[in-house]
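Protein chains in written order, with the numbering used here: chain D, 520 to 953; chain X, 2 to 387. Even glycine gets a Cβ: it sits at the ideal position worked out from N, Cα and C. Bear in mind that the values here come from a model prediction, so they are computed numbers and not experimental data. Below is one structure, written out as structure tokens; comments come after it.
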Amino acid sequence: MSQLGRRKFLLYSSTGVLASLLLKGCADAGGGDTAANTEAATTETAAADGIKVGILHSLSGTMAISETTVVDAEMMAIDEINAAGGLLGKQIIPIQEDGASDWSTFAEKAAKLIDQDKVVTVFGCWTSASRKAVLPVFESKNHMLWYPVQYEGQECSKNVFYTGAAPNQQIEPAVDWLLENKGKEFFLVGSDYVFPRTANTVIKEQLAANGGTVVGEDYLPLGDTEVTSIITKIRVALPDGGVIFNSLNGDTNVAFFKQMQGAGLSPEQYPVMSVSVAEEEVKQIGPEYLQGHYAAWNYFQTVESPQNDKFVTAFKSKYGEDRVTNDPMEAAYIMVYLWKQAVEQAGTTDLEPVRAAAVGQKFAAPEGQVTMQPNHHISKTVRIGEVREDGLFDIVWSTEGPLEPVPWNQYVKETKGFACDWTDPNKGGKYKAA
Amino acid sequence: MSTLIEGLFNGISIGSVLLIAALGLAIVFGLMGVINLAHGELMMLGAYATFVVQNVFKPLGEPWFSFYIIAAIPVAFIVSAIFGLILERGAIRFLYGRPLETLLATWGVSLILQQFVRSVNWLLIICLGIFCLLFFGGMQLLKSRADWESMRTKIVSLLLPLAAGVAIAFYFLLSQNSALTNAWFSARNVDVTAPAWLRGGVEVLGFQMPYARLFIIALTILCLMGVYWFLQRSAWGLRIRSVTQNRTMSSCLGIPTAKVDALTFALGSGLAGIAGCAVSLLGSVGPNTGQNYIIDTFMVVVVGGVGNLLGAVIAALGIGILNYLIGSGTLALFLTTISAPQSMIDFFLFFATSSMAKVMVFALIIIFLQIKPAGLFPQKGRTAEL
Numbered sequence: 520m521s522q523l524g525r526r527k528f529l530l531y532s533s534t535g536v537l538a539s540l541l542l543k544g545c546a547d548a549g550g551g552d553t554a555a556n557t558e559a560a561t562t563e564t565a566a567a568d569g570i571k572v573g574i575l576h577s578l579s580g581t582m583a584i585s586e587t588t589v590v591d592a593e594m595m596a597i598d599e600i601n602a603a604g605g606l607l608g609k610q611i612i613p614i615q616e617d618g619a620s621d622w623s624t625f626a627e628k629a630a631k632l633i634d635q636d637k638v639v640t641v642f643g644c645w646t647s648a649s650r651k652a653v654l655p656v657f658e659s660k661n662h663m664l665w666y667p668v669q670y671e672g673q674e675c676s677k678n679v680f681y682t683g684a685a686p687n688q689q690i691e692p693a694v695d696w697l698l699e700n701k702g703k704e705f706f707l708v709g710s711d712y713v714f715p716r717t718a719n720t721v722i723k724e725q726l727a728a729n730g731g732t733v734v735g736e737d738y739l740p741l742g743d744t745e746v747t748s749i750i751t752k753i754r755v756a757l758p759d760g761g762v763i764f765n766s767l768n769g770d771t772n773v774a775f776f777k778q779m780q781g782a783g784l785s786p787e788q789y790p791v792m793s794v795s796v797a798e799e800e801v802k803q804i805g806p807e808y809l810q811g812h813y814a815a816w817n818y819f820q821t822v823e824s825p826q827n828d829k830f831v832t833a834f835k836s837k838y839g840e841d842r843v844t845n846d847p848m849e850a851a852y853i854m855v856y857l858w859k860q861a862v863e864q865a866g867t868t869d870l871e872p873v874r875a876a877a878v879g880q881k882f883a884a885p886e887g888q889v890t891m892q893p894n895h896h897i898s899k900t901v902r903i904g905e906v907r908e909d910g911l912f913d914i915v916w917s918t919e920g921p922l923e924p925v926p927w928n929q930y931v932k933e934t935k936g937f938a939c940d941w942t943d944p945n946k947g948g949k950y951k952a953a
Numbered sequence: 002m003s004t005l006i007e008g009l010f011n012g013i014s015i016g017s018v019l020l021i022a023a024l025g026l027a028i029v030f031g032l033m034g035v036i037n038l039a040h041g042e043l044m045m046l047g048a049y050a051t052f053v054v055q056n057v058f059k060p061l062g063e064p065w066f067s068f069y070i071i072a073a074i075p076v077a078f079i080v081s082a083i084f085g086l087i088l089e090r091g092a093i094r095f096l097y098g099r100p101l102e103t104l105l106a107t108w109g110v111s112l113i114l115q116q117f118v119r120s121v122n123w124l125l126i127i128c129l130g131i132f133c134l135l136f137f138g139g140m141q142l143l144k145s146r147a148d149w150e151s152m153r154t155k156i157v158s159l160l161l162p163l164a165a166g167v168a169i170a171f172y173f174l175l176s177q178n179s180a181l182t183n184a185w186f187s188a189r190n191v192d193v194t195a196p197a198w199l200r201g202g203v204e205v206l207g208f209q210m211p212y213a214r215l216f217i218i219a220l221t222i223l224c225l226m227g228v229y230w231f232l233q234r235s236a237w238g239l240r241i242r243s244v245t246q247n248r249t250m251s252s253c254l255g256i257p258t259a260k261v262d263a264l265t266f267a268l269g270s271g272l273a274g275i276a277g278c279a280v281s282l283l284g285s286v287g288p289n290t291g292q293n294y295i296i297d298t299f300m301v302v303v304v305g306g307v308g309n310l311l312g313a314v315i316a317a318l319g320i321g322i323l324n325y326l327i328g329s330g331t332l333a334l335f336l337t338t339i340s341a342p343q344s345m346i347d348f349f350l351f352f353a354t355s356s357m358a359k360v361m362v363f364a365l366i367i368i369f370l371q372i373k374p375a376g377l378f379p380q381k382g383r384t385a386e387l
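Below is the structure:
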């Protein structure tokens, strides 16, 4: 450790910087959570002639935080069905695979579940990137994926059943509600990747059609925690207050809400509508920072219905009192039941009969009645919640009943007028309606 | 005028976050030449220490809870310093002068620390304790034997599997007990809430200065003064400076260089802990927290120049102010008011988003390093390798 000269210093420092970049890249995909693995082992002992289903989520890596909660909900649904006597007289055997937050791993594991484990269906994925990665696998093998997360739309595959919200079941009603109740001037903030950029394109089209204006937009790199310059921009663009539409993901939300409050942007003047902040995230950000802001989902833990009481109680007694339920978990829970009903109606687990039987399935879900539509999306109730002191949501607005899903966006020129119908062989995934 | 002050304040507040995060690294990397990729994880440990202190103070109620952050600062310092000390004694001291091996080792340590906070529970702590007790305790006992040197390898190869075996056996024995196996933090982010007096801000000239930012700026200045005093005015500081300037000569003069190394590294790590405590007021606290800062901290130290605190200060403030002026569009706005050419305004407007501002700052840093390859304040003198 003698004198550090200029050359050596340059060499070391450049390797240091390079390695830190590398480290960041790798660590985003690396690391992990093994808690969920233990459950897979216990199911090995189940009856050999059970019905095998695949569960494909990230149990490790950066997405594990969110995806393990969805696995919990799916496992709970499967356990409930098994405890009630199983399906077609057999037990359901879940086979868990770890997508490791890495999109090519997802495709690999999907092929493994189908070819090697011979599962009859797969429940899985969270990010749009992972869904897009496994899509060719499911389409080439003509297999079946159930996908539980709200997404940006513009997709309708024969081989996927989408039980999360299409944009018209989350983002569009939220924008309409804001226009009506909170103001006409919008500032759009998002993480810098496909979902927020697509969502904001849609929002801009919608605002232009309905008399609103976008006064500014900005995107933060995933994981960034410095939002000072965005806050300045918001104050310059909206000096007298206005609506902030937030599609930030992950850690950046924490920084955003903490620093919003520090800069004195109050929810009364600058209400923020988030589409990626649910009960689980509120808990991590701290309700003190979020109180008074809004989120749009199909389900909140505070929905009042006997089905939801049962769901929340069952979840808490299985996984602990301090756990909360949220929208993707609820969608994951109901998709297992929708599949079960389809299998029961078809009387078999064969792919084609189940696919045909799935359309039209109704289920009294915690969020209310849901129905699988011919376009493989489900009709859902839309709700807007305001964060209250204990970190749960007060539901301030909801649609009268379930809203029909529209996968192809009607505000975007390229897809305007298109629809999707898998029950009619002449129509298929994308046809010109009317 | 107000825009100018606001820009300056916001730039300084971004810079102070960079500086407090980089201060520890400026010592570890700048003075000792150790590329410590686990620096971010030491920050993360400081942030988790803050979380623990917050939860300890919560049941005490007001007014105690309001001041948990004051108590959290020394706790975060001590926790990170102890981990840093273990890291230096356990791994890095064997790797001095071998930067590439240090780099890989500290990277490994950073991954271990990330996984550690994800899966730490009482059971893990108990088993680690049993292992350390058996292994290191046994070594200490046997060290007094006369034939220690010749038996060393044999003893290690016997003790290591023995201690590991007992620890693992305990693990399986106790793994049914769910009170012990509940993860302390789990992979989820945890919620650190600033006390009420640090939320909100003070109104100055039509814009609001967040208290949390003011607190961080004050803390940064305090840390800087403390480090300056320690290095320039205290006996150990003198030893640290002499060892970094000429190790062999210092050793000849009776300075315990190994102790100085350990102390320096612990000091740098402890400062990382304080930084972790500070950034928990602004951002998230989770296993990945450290990853968000590691690149920026290296950048500050590289631009500032080796072993020079003043360099790090100027570099951090410079990067902060530049980042803010470009990213918030203030620069583009300013150019409009002085009626600069339209093409120039468009150019800066293009870079006026958070992502693109980063690109521009990185590009400027690369250009800067072409002109001044050793940073703002390169080392001079006969001993500097040029």
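Among the options, whose alpha-carbon lies nearest the alpha-carbon of residue i?
i: glycine 12 of chain X; options: X/Ile315, X/Lys373 and X/Phe363; result: X/Ile315
i: isoleucine 763 of chain D; options: D/Gly709, D/Glu807, D/Val773 and D/Glu800; result: D/Gly709
i: proline 64 of chain X; options: X/Trp198, X/Ala164 and X/Ala82; result: X/Trp198
i: isoleucine 597 of chain D; options: D/Gly683, D/Tyr856 and D/Gly781; result: D/Tyr856
i: serine 898 of chain D; options: D/Gly580, D/Ile584, D/Ala583 and D/Glu886; result: D/Glu886
i: tryptophan 793 of chain D; options: D/Glu905, D/Ala603 and D/Cys675; result: In the sequence on display, residue 793 of chain D carries serine and not tryptophan. Checking every option, the nearest Cα to that of serine 793 of chain D belongs to D/Glu905.
i: serine 649 of chain D; options: D/Gln610, D/Asp634, D/Asp617 and D/Lys637; result: D/Asp617
i: phenylalanine 216 of chain X; options: X/Phe208, X/Tyr229, X/Gly207 and X/Gly202; result: X/Gly202
i: asparagine 309 of chain X; options: X/Leu5, X/Ala27 and X/Ala23; result: X/Ala27
i: glycine 305 of chain X; options: X/Gln371, X/Gly319, X/Ser120 and X/Ile327; result: X/Gly319
i: isoleucine 71 of chain X; options: X/Gln380, X/Ala213 and X/Ile368; result: X/Ala213
i: valine 307 of chain X; options: X/Gly138, X/Ile36, X/Ser340 and X/Gly166; result: X/Ile36
i: glutamate 7 of chain X; options: X/Ile87, X/Phe378, X/Gly330 and X/Leu134; result: X/Gly330
i: asparagine 56 of chain X; options: X/Gln233, X/Tyr172, X/Gly284 and X/Asp192; result: X/Asp192
i: threonine 844 of chain D; options: D/Ile633, D/Met582, D/Val590 and D/Val572; result: D/Val590
Who does residue i pair with in a DSSP beta bridge?
i: threonine 890 of chain D; result: D/Lys881 and D/Ser898
i: aspartate 940 of chain D; result: D/Gly947
i: glutamine 778 of chain D; result: Paired residues: none, contrary to the question.
i: tryptophan 665 of chain D; result: D/Phe642 and D/Phe680
i: threonine 732 of chain D; result: D/Glu704
i: methionine 210 of chain X; result: X/Val203
i: arginine 572 of chain D; result: As written in the sequence, residue 572 of chain D is valine, which differs from the arginine given in the question. Answer is D/Pro613, bridged to valine 572 of chain D.
i: isoleucine 79 of chain X; result: Looking at the DSSP assignment, isoleucine 79 of chain X forms no beta bridge with any residue, so it has no partner.
Our contact map puts residue i next to residue j with C-beta atoms below 8 angstroms; I'd like the distance itself, whole angstroms only.
i: alanine 273 of chain X; j: glycine 34 of chain X; result: Wrong, their Cβ atoms sit about 17 angstroms apart, outside the cutoff.
i: tryptophan 927 of chain D; j: phenylalanine 912 of chain D; result: Going by Cβ atoms, the distance from tryptophan 927 of chain D to phenylalanine 912 of chain D rounds to 30 angstroms, so no, they are not a contact pair.
i: leucine 365 of chain X; j: phenylalanine 349 of chain X; result: With 8 angstroms as the limit, leucine 365 of chain X and phenylalanine 349 of chain X do not qualify as a contact, their Cβ atoms being about 13 angstroms apart.
i: glycine 948 of chain D; j: cysteine 675 of chain D; result: 5 angstroms
Please confirm whether residue i and residue j have their CB atoms less than 7 angstroms apart.
i: alanine 276 of chain X; j: isoleucine 21 of chain X; result: yes
i: histidine 812 of chain D; j: proline 786 of chain D; result: yes
i: asparagine 122 of chain X; j: alanine 50 of chain X; result: no
i: tryptophan 858 of chain D; j: histidine 895 of chain D; result: no
i: leucine 46 of chain X; j: serine 81 of chain X; result: yes
i: phenylalanine 834 of chain D; j: isoleucine 914 of chain D; result: no
i: isoleucine 722 of chain D; j: valine 694 of chain D; result: yes
i: glycine 954 of chain D; j: alanine 850 of chain D; result: Only positions 520 to 953 of chain D appear in the structure, and residue 954 of chain D is not among them; the question remains open.
i: valine 639 of chain D; j: isoleucine 570 of chain D; result: yes
i: alanine 865 of chain D; j: glutamine 880 of chain D; result: no
i: alanine 814 of chain D; j: isoleucine 853 of chain D; result: no
State yes or no: is the beta carbon of residue i nearer than 7 angstroms to at least one beta carbon in chain C?
i: proline 211 of chain X; result: Although the question refers to chain C, the structure presented lacks it and instead comprises the protein chains D and X.
Notebook entry, point to check: In the region 704-724 of chain D, which residues sit with their C-beta less than 7 angstroms from some C-beta in chain X, listed in chain order?
Noted result: Asp711
Check: In chain order, what residues of the region 793-807 of chain D put their CB closer than 7 angstroms to some CB of chain X?
Finding: Lys802, Gln803, Ile804, Gly805 and Glu807
Note to self: Under 9 angstroms, CB to CB, which of the residues in the region 738-751 of chain D have a partner in chain X?
What the structure shows: Tyr738, Leu739, Pro740, Gly742, Asp743, Thr744, Glu745, Val746, Thr747, Ser748, Ile749, Ile750 and Thr751
Check: What residues from the region 909-940 of chain D come within 8 angstroms of chain X, judged by C-beta to C-beta, listed N to C?
Finding: none
Next item on the list: Report the residues of the region 256-284 of chain X with a CB closer than 9 angstroms to any CB of chain D, ordered along the chain.
Entry: Thr258, Asp262, Val280, Leu282, Leu283 and Gly284
Notebook entry, point to check: In the region 773-787 of chain D, which residues sit with their C-beta less than 8 angstroms from some C-beta in chain X, listed in chain order?
Noted result: Val773, Ala774, Lys777, Gln778, Gln780, Gly781, Ala782 and Gly783
Notebook entry, point to check: For the region 612-623 of chain D, which residues have a CB atom closer than 7 angstroms to at least one CB atom of chain X, in sequence order?
Noted result: none
Item checked: Near-chain X residues of the region 575-602 of chain D - C-beta to any C-beta below 8 angstroms -> Thr581, Ala583, Ile584 and Thr587
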